[in-house]
Amino acid sequence: MTSSLQTIIRDLHRRRGRERRGLALAEGVRLVEEALAAGIGLRGAAVSPTLEATSRGKALREALEHGGVRIESVSAEALAELAGTDQPQGIVAIIEPKRWALDHIDLGRGRPVLVLDGVQDPGNVGTMVRTALGLGAAGVVALKGTAELANPKVVRGSMGALFRLPAVAADDEGFHAWAAAAGLPLWVAAMDGEAVHRVPLPAAGAVGLVIGNEGAGVRPALAERAERRVAIPLAGPAESLNAAVAAAILLYEVTRGR
């Protein structure tokens, strides 16, 4: 007989379920550890004997129990059906994702904002959020067509960065109004742009780095609003870089030396 917790986990693998419940999934030992460390609310967790095969897994279960998190023990086979990975680590948790808003992005220290325009691959999006946190960005904005931030693959790819860095899904109108009010200039990544390492930063330091769709690039309507078009000079015959790789290089170039 399927429990209510298992039913919720299955439902949260669907976008409609996540939107209706306002919940998401965290799978694996490290990700659940990160959720606990960041103070993320946990509604429950399904665990299998695999979790307690290591001292780290045992410690995690004890921490969940100490925190009053509902735990349901299931077989390894049952957990494999609930998990989204081929080799689950013995735990799938239901979390309450943070409700970030644009106003949570602090531009006061001149840090860049990573803006994703139609970046569809959830693995790329998760990696980009993780990279943004690691390189000191102020936040991430996900515009039209970008993978849903609560998608399990995005959450896994972020490796906990979504629990700590403001990452906001916004429509064009709301984003442009916020950027204008904050005086945030936009730099669009484009193959025909200026070499990013040669472009001087604005006096305030903060810029919005816009990365477009993996195939189509940044939408023209958004590109027209940009103050700069910047590029990563390539030495070889490759036409372009993976979106997540490009984001990492661009973020590094605008944050190095600070």
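Here my numbering is used: the first residue of the sequence shown is 10, the next is one more, and so on.
Glycine included, each C-beta is placed from N, C-alpha and C at the ideal position.
What you are looking at is a predicted structure, and each value in this text was computed from that prediction instead of being measured.
- By DSSP, does E81 sit in helix, in strand, or in coil? As a first step, residue 81 is located in the sequence shown; it is residue number 72 there, counting from the start. Secondary structure of E81 (DSSP, three-state): strand.
Worksheet item: With distances taken from CA atoms, which of T63, D95 and L51 is nearest H75?
Response: The count along the sequence shown starts at 1 and reaches residue 75 at position 66. Comparing Cα-Cα distances from H75 to each of T63, D95 and L51, the minimum goes to L51.
At what residues does the beta strand (DSSP E) containing I104 begin and finish? Numbered from its first residue, the sequence shown carries residue 104 at position 95. That run of the beta strand (DSSP E) goes I100 to E105.
- Query: Who are the near neighbours of M10 in its chain, counting only those whose CB is closer than 6 Å to its CB and skipping five residues on each side?
  - Reply: For the purposes of this step, residue 10 is identified with residue 1 of the sequence shown, where counting begins at 1. Confidence in M10 is poor, its pLDDT being 43 and thus under 50, which makes the residue's placement too unreliable to answer from.
Q | Pick from G224, R65, V134 and P131 that is closest to M200, judged by C-alpha positions | A | As a first step, residue 200 is located in the sequence shown; it is residue number 191 there, counting from the start. The option with the nearest alpha carbon to M200 is G224.
Exercise for review: For the beta strand (DSSP E) containing I220, list its first residue and its last residue.
Suggested key: Here residue 220 refers to the residue found at position 211 when the sequence shown is read from its first residue. DSSP places I220 inside the beta strand (DSSP E), whose first and last residues are G217 to G221.
Item checked: With 16 other Cβ atoms within 10 Å as the buried cut-off, status of I259 -> The residue given as residue 259 occupies position 250 in the sequence shown. Reading off the sequence, residue 259 comes out as Leu, not Ile. Classification for L259: buried.
**Report entry** Beta carbon of G99 nearer than 8 Å to that of S167
**Finding:** Position 90 of the sequence shown holds residue 99. Position 158 of the sequence shown holds residue 167. Taking the C-beta atoms as reference points, S167 is found no nearer than 8 Å to G99.
Quick one: any contact between the stretch 143-160 and the stretch 177-191, if contact means 3 or more CB pairs under 8 Å?
Touching, yes.
- Message: Could you compute how far the alpha carbon of R234 sits from the alpha carbon of E203?
- Response: Counting from 1 along the sequence shown, the entry for residue 234 is found at position 225. Counting from 1 along the sequence shown, the entry for residue 203 is found at position 194. Each residue's Cα considered, the two are about 16 Å apart.
key: CB contact flag (E42, L21, <8 Å)   = Looking up residue 42 in the sequence shown gives position 33. Looking up residue 21 in the sequence shown gives position 12. Not in contact: E42 and L21 (Cβ atoms no closer than 8 Å).
* In chain order, what residues of the same chain lie with their CB nearer than 8 Å to the CB of G37, ignoring the 5 residues before and after it? -> Translated into the one-based positions of the sequence shown, residue 37 becomes position 28. If we look at G37 and ignore the five residues flanking it on each side, its Cβ neighbours are T94, P97, Q98, I100 and R165.
Item to complete: Indicate the three-state DSSP secondary structure (helix, strand or coil) for E36 in the structure shown.
Response: Your numbering for residue 36 matches position 27 in the sequence shown. Three-state result, E36: strand.
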